[in-house]
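Protein chains in written order, with the numbering used here: chain A, 18 to 566; chain B, 9 to 168. Structure first, then comments.
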């Protein structure tokens, strides 16, 4: 045997196959591969924190545009890309692409025609998942597609939900061990949702946990009046997290249906607006915490659960950090689900405190009125929304994109008769009533408004107290995720079209550029050819920045 | 005085001709042209661009709203008609109608009708003014009625 001939072949095989195999162990330790970005949240803890330090507060001002990727679709890109050993995978509308992370040039594209009629809002996708050599895409119209990461060909294509029944898939799946975990959403159509696990090899469903009841016998059904649980919604809009120490996966749930009128569903309406902790092997509920019982404001709890170990009253404690759409920042013991802290991070008027188990006490007189009721803070879009926050173990701070001084008149309309695949929002107009002005209640256009009329901000909070350490003010609202690094850089963007780097310790602006469109995704960072890149999406394009050669 | 004439208010698409019809539009036009209103406002190809353009104001606001804008200009100011005062790092100030702003910069049309843009990092600060943008005019009720009649007649012209 001529080893001299075989050796290059062996090396080629190792180089070509092994690095791209994303094993469960690699996913478990994703945060220790800062050259890559292997899950939606940058690791199972969803901290969106990178150990890379090539970019730092001293050289951030030298960042230059390296490449732009512009898909053929016009919807804004909300996807967080994955980066695996120099290859970047992302998705938009009906297409997944694998590209060279250093140049933005495509290796392959995979097309699946998502029917436009399945689009109830905007055909956006939050991202992909990867395991082994397979990329997983949950499509808007309810399919879960396994794609060969090397060739871009479909391995299998399973229908998980029927969009005609008011469902859609919007999330980036979460792969844990041999399971793909995700759940459907319903856009105010009263379709009861769930979190489920599917086999990574076959797509076969392994377990399912309903976030709204499916039977009157379930304990959760007793928190809904009558049979209102039948159309309770409680959608899954963003990806959950995973704690290997407890083998629990945590998912936030959306609002109950009908969303803006709770008259038909007196009660807490479990498990809407909650975080549910599920055993990864069985899907059994270990604990839950409901942030907004009996929600009538559309305050989805669809934020990404950030897992961290912080100093809590003098002792290290494994917690979950959560800035909620209802305007409160929470600290929850992630092992037991115990409520530890709830503190407003934006101006709010709906809550006058918490009881001993963390149940919010609603302020009197702010319940939605039939038409143009009392103003409530935060408004419908909330103090924050689905935008990924970040926790930096380096600074010890929690960062969140927020809407400050933001209010809107509460109102509730007629409850529509439930019809499969139809609107069930509780916001219907009485016969003869004038149509509401589009955007009513959101104040003046951002180009002209004052700070008192509301502003977006990146806020840094002390994770143990919720105390604000600093804020970087924007004029317009923001939908951007936040990225932090071990060199104490913070990257985020804005609806104004700006993408910027801040000093994560004090919020000082270090660098910015105008990308000309809404930043509605979370920036990520990685290494390619030895250079640290940071990529972000603005409007319907992706931009990559790095230091000059 | 008619530099006070504000379109500084909410769009109201329905016209209210009764009030306007009671005035003399020709007298109102003369008053507008003789009273300095055009030093801020523009009508057609006349007047300054620093204040709200009134060329099509008759299509946009009711006579009642126009009257309020004249006699009590602070009552209702459209956000897009607000002014901004920018203070430069050397202490000088620049005032103008705000056209845009974000976290990094502010854009305005200044009192010389020049388009200006300032990086927020290069200025000491800026203040958006929502009140006190024009003085209350000294006009008789009849004069106000005439001016409202004139403004209500301004429907603009079709673009070529």
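Glycine included, every Cβ here is placed at the ideal spot set by N, Cα and C. Note that the structure is predicted; figures quoted are calculated from it, not measured.
Interface annotation, residue 136 of chain B: in contact with chain A, CB-CB separation under 8 Å. The C-alpha of residue 255 of chain A lies about 7 Å from the C-alpha of residue 143 of chain A.
Contact between residue 480 of chain A and residue 66 of chain A is absent: CB atoms are separated by about 13 Å, not below the 8 Å threshold. In terms of Cα proximity to residue 161 of chain A, the closest of A:243, A:187, A:551 is A:187. DSSP, read as helix, strand or coil, puts residue 48 of chain B in coil. Identification of chain A residues near residue 88 of chain B by a Cβ-Cβ cut-off of 9 Å yields 461, 462, 464, 465, ordered along the chain. Among the residues facing chain A, residue 131 of chain B is not included, as its CB has no counterpart in that chain under 8 Å away. If you check each beta-carbon in the segment 483–513 of chain A against every beta-carbon of chain B, the ones closer than 7 Å belong to 490, 491, 492, 493, 511, 513. Apart from sequence neighbours up to five positions away, the residues of its chain that approach residue 159 of chain A with a beta-carbon distance below 8 Å are 135, 176, 177, 178, 179, 180, 184, 185, 186, 201, ordered along the chain. Residues of the segment 515–528 of chain A that bring their beta carbon within less than 7 Å of a beta carbon in chain B comprise 515, in sequence order. Here the alpha carbons of residue 346 of chain A and residue 359 of chain A stand approximately 6 Å from one another.
Interface flag for residue 106 of chain B against chain A is set, since a Cβ pair is found closer than 8 Å. Here the alpha carbon of residue 124 of chain A sits roughly 30 Å from the alpha carbon of residue 518 of chain A.
Contact between residue 319 of chain A and residue 344 of chain A is ruled out by a C-beta separation of about 15 Å, above the 8 Å threshold.
Counting every other CB atom within 10 Å of its CB across the protein chains shown gives residue 71 of chain B a total of 16 or more, marking it as buried. Within chain A, the residues 515, 529 have their CB atoms less than 7 Å from the CB of residue 112 of chain B, given in chain order.
Residue 467 of chain A sits away from residue 101 of chain B, with the two beta carbons spaced by 8 Å or more.
Cβ-Cβ distances below 7 Å link residue 158 of chain B to 33, 36, 37, 40 in the same chain, with the five nearest sequence neighbours on each side left out; the list follows chain order.
Annotation: residue 49 of chain B has no Cβ neighbours in chain A at a cutoff of 9 Å; minimum Cβ distance is about 18 Å. Note on geometry: alpha-carbon atoms of residue 321 of chain A and residue 134 of chain B lie some 36 Å from one another.
C-alpha of residue 91 of chain B to C-alpha of residue 118 of chain B: approximately 9 Å in a straight line. The beta carbon of residue 152 of chain B sits closer than 7 Å to those of 75, 78, 79, all from its chain and outside the five residues before and after it, given in chain order. Three or more Cβ pairs closer than 8 Å define a contact, and the segment 282–295 of chain A falls short of that threshold against the segment 79–93 of chain A.
Counting C-beta pairs closer than 8 Å gives three or more between the segment 539–559 of chain A and the segment 88–98 of chain A, which meets the contact rule.
Under a 10 Å Cβ-count criterion, residue 132 of chain B is classified as exposed, with fewer than 16 other Cβ atoms of the shown protein chains found around its own Cβ.
In the three-state scheme derived from DSSP, where H, G and I count as helix and E and B as strand, residue 121 of chain B is classed as coil. Counting the other CB atoms within 10 Å of its CB gives residue 369 of chain A a total below 16, which places it among the exposed residues.
Just so you know, the alpha carbons of residue 117 of chain A and residue 155 of chain A end up roughly 23 Å apart. The Cβ atoms of residue 192 of chain A and residue 152 of chain A do not sit closer than 8 Å to each other. Shortest Cα-Cα distance from residue 84 of chain B to any of B:162, B:69, B:94, B:95 involves B:69. Per DSSP, reduced to three states, the secondary structure at residue 349 of chain A is strand. Under the DSSP assignment, residue 201 of chain A falls outside any beta strand (DSSP E); it carries neither an H nor an E label. In the DSSP assignment, residue 67 of chain B falls within the unbroken alpha helix (DSSP H) covering 65–68. Across the structure, residue 149 of chain A and residue 72 of chain A are spaced so that their CA atoms are roughly 30 Å apart.
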